[in-house]
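Q: Once you've had a glance at the structure underneath, I'll fire off some questions.
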Amino acid sequence: MERDIVRAGALTGYRRVVRELGGAPATLLAEHGLSDEMLDDPDCFIPYTGLMKLLEASAVRLGCSDLGLRIAAKQSMSTLGMMSVALRNAPDIRAAIKATSRSLYLHAPGLSVNMAPEFQKGREIVTYELSLQSAPRAVQTMELTMGLAVRITRMLAQRDDVITGVQFMHKPAATRVSYRRHLKLTPTFETNAYAIIIPRKGLEYSIAGANSEILAIFDSLLGLHSPNSGQSFDGQIDAVMTRLIRSGVAGLQDAADAIGLHPRALQRRLAERGTSFEAVRDAVRRRLAESYLAQKSIPLAHVAQLLCCADQTVLTRHCRRWFNMTPGSFRRHANENGG
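Given below as structure tokens:
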């Protein structure tokens with residue numbers, strides 16, 4: 022699937038902010054191959070790298086270092102188009118983040134969202150990652166992205182304390198006062214990921230007016246129109262399981278929901294291919310384990326959690342079966358051999 026695209030809705034508020042700053046949005050858009058007509062149709066896809074270049078150039082031209090944050094302040098749930106249906110109807114914040122991970126390709130195929138627990142700190146890190154090759158400078162784009170993520174998460178929870186931190190990979194682009202005004206907190210900079218931090222209790226905040234039936238229908242349609250639909254079924258289920266495990270879930274029902282099938286139908290299709298859900302999940306876990314165990318900075322107990330294992334003992338059993346050695350032995354072997 023083409024990744025260098027994004028819905029024009031991502032620029033909702035751009036023209037208004039530029040005018041407020043005394044600029045000419047039509048001129049800036051034209052300089053980057055965009056137009057008012059494109060922005061008038063929020064479901065029109067435009068080049069993602071074009072959006073990035075536009076925002077960086079506009080910030081410089083207008084002398085506005087917090088341009089991305091200002092645009093985010095003009096946006097709302099409707100900015101996300103169809104995927105907002107999933108967010109509004111998720112039962113709680115945890116489910117809304119998982120729905121975001123499943124459906125973000127509808128808005129920005131080149132952006133991915135994943136959730137990782139920090140159990141000792143009692144919180145979860147929700148990361149936002151660009152998956153474009155040779156992406157241009159994107160400070161304003163990522164500040165817009167993170168500003169909107171903060172805004173929407175608080176809208177869903179109807180309380181500000183659902184988010185306790187924001188992380189940026191870049192150095193501060195604007196003043197501390199500007200960040201606090203827009204985000205209602207002081208973010209940290211030069212981190213290893215773009216992320217929002219949600220306390221464990223925040224994930225359980227319920228979403229008012231959520232309708233589970235609407236969410237189920239949306240997920241079914243999502244499976245039918247998944248970007249993986251052009252892949253082989255084997256590739257599709259592998260991609261889904263990888264995404265689910267990274268998101269902290271690994272059950273048959275979760276996979277079936279994500280792929281748009283009834284659990285029995287999913288098992289039946291896998292059986293026709295001589296495999297099973299358990300075998301696919303095991304293969305994905307093994308592949309992810311090889312990656313996580315090779316990273317000395319990740320504690321083994323955390324690796325177990327990232328792989329959705331009940332505890333470190335379960336991880337040890339898996340590793341003995343997969344690699345004929347313990348997790349610690351595999352880590353030493355991988356690092357001794359440059360893994």
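Converting from the sequence shown to the numbering used here requires adding 21 to each position, the first position being numbered 1.
Think of the CB as a built atom: it goes at the ideal place given N, C-alpha and C, for glycine as much as any other residue.
1) Excluding sequence positions up to five away, which residues of its chain have a Cβ less than 7 Å from the Cβ of A322?
2) Any idea what DSSP makes of A29, helix, strand or coil?
3) Any contact of the stretch 118 to 126 with the stretch 256 to 276, i.e. 3+ C-beta pairs under 8 Å?
4) In three-state terms, what does DSSP make of G34?
5) Between the Cα of P434 and those of Y69, R82, M176, spot the shortest distance and give me the residue it belongs to.
6) How about R197 and T207: do their beta carbons lie closer than 8 Å?
7) Could you spell out the range, first to last residue, of the beta strand (DSSP E) harbouring Q326?
8) Could you check what DSSP says for R144 in three-state terms: helix, strand or coil?
9) Only counting the same chain, and skipping five residues up and downstream in sequence, which positions put a Cβ closer than 8 Å to that of S233?
10) Looking at the secondary structure, which residues open and close the alpha helix (DSSP H) in which I118 lies?
11) Over the uninterrupted alpha helix (DSSP H) stretch that includes I173, give me the two end residues.
12) Checking the sheet assignment: what are the DSSP bridge partners for S227?
13) Assuming L60 and R36 form a contact by the criterion Cβ under 8 Å, report the distance between their Cβ atoms to the nearest whole angstrom.
14) Could you please give the first and the last residue of the uninterrupted beta strand (DSSP E) stretch that includes I217?
15) Which value, in whole angstroms, describes the spacing of the CA atoms of K222 and A47?
16) Spell out whether any CB of chain D is found under 8 Å from the CB atom of M103.
17) By the three-class DSSP mapping on this structure, what secondary structure does T337 have?
18) Taking a contact to mean a Cβ-Cβ separation below 8 Å, would you say L151 touches L132 in this structure?
19) Contact check, I17 vs I218 under 8 Å by CB: the rounded distance?
20) Please classify V335 as buried or exposed, where buried requires at least 16 other C-beta atoms within 10 Å of its C-beta.
21) What are the boundary residues of the alpha helix (DSSP H) that includes Q288?
22) Tell me the start and end of each unbroken beta strand (DSSP E) in the stretch 38 to 117 that is at least 3 residues and wholly inside, in chain order.
23) For the stretch 308 to 323 and the stretch 289 to 299, state whether three or more C-beta atom pairs, one from each stretch, are separated by less than 8 Å.
24) Taking the C-alpha atoms as reference points, what is the distance between F140 and Y313?
25) Can you grab the Cα-Cα spacing for the pair T174 / I114, in whole Å?
26) According to the neighbour-count rule (16 or more other Cβ atoms, all chains shown, within 10 Å of its Cβ), is P130 buried or exposed?
27) Determine the extent of the alpha helix (DSSP H) in which G349 is found, giving its start and end residues.
28) Check each candidate in K119, H191, R352, L127 and name the one with the smallest Cα separation from R24.
29) For the beta strand (DSSP E) containing L132, list its first residue and its last residue.
30) Does the distance from the C-beta atom of V160 to that of A194 stay below 8 Å?
31) Between which residues of its own chain and Y200 is the CB-CB distance below 7 Å, once the five residues before and five after are set aside?
32) Terminal residues of the continuous beta strand (DSSP E) containing V187?
33) Taking just the CA atoms, how far does L236 sit from A178?
A: The answer reads as follows:
1) Q333
2) helix
3) yes
4) coil
5) Coverage of the chain is limited to positions 22 through 360, which leaves residue 434 absent and any answer about it impossible.
6) yes
7) Here Q326 belongs to no beta strand (DSSP E); instead the alpha helix (DSSP H) covers 321 to 327.
8) strand
9) N110, P112
10) 114 to 124
11) 160 to 178
12) D113
13) 7 Å
14) 215 to 220
15) 45 Å
16) As a matter of chain content, chain D is missing from the structure shown, which is built from one protein chain.
17) helix
18) yes
19) Here the chain comprises residues numbered 22 to 360, so residue 17 is not present and cannot be evaluated.
20) exposed
21) 284 to 293
22) 66 to 68
23) no
24) 17 Å
25) 7 Å
26) buried
27) 348 to 357
28) L127
29) 132 to 139
30) yes
31) T207, P208
32) 186 to 188
33) 17 Å
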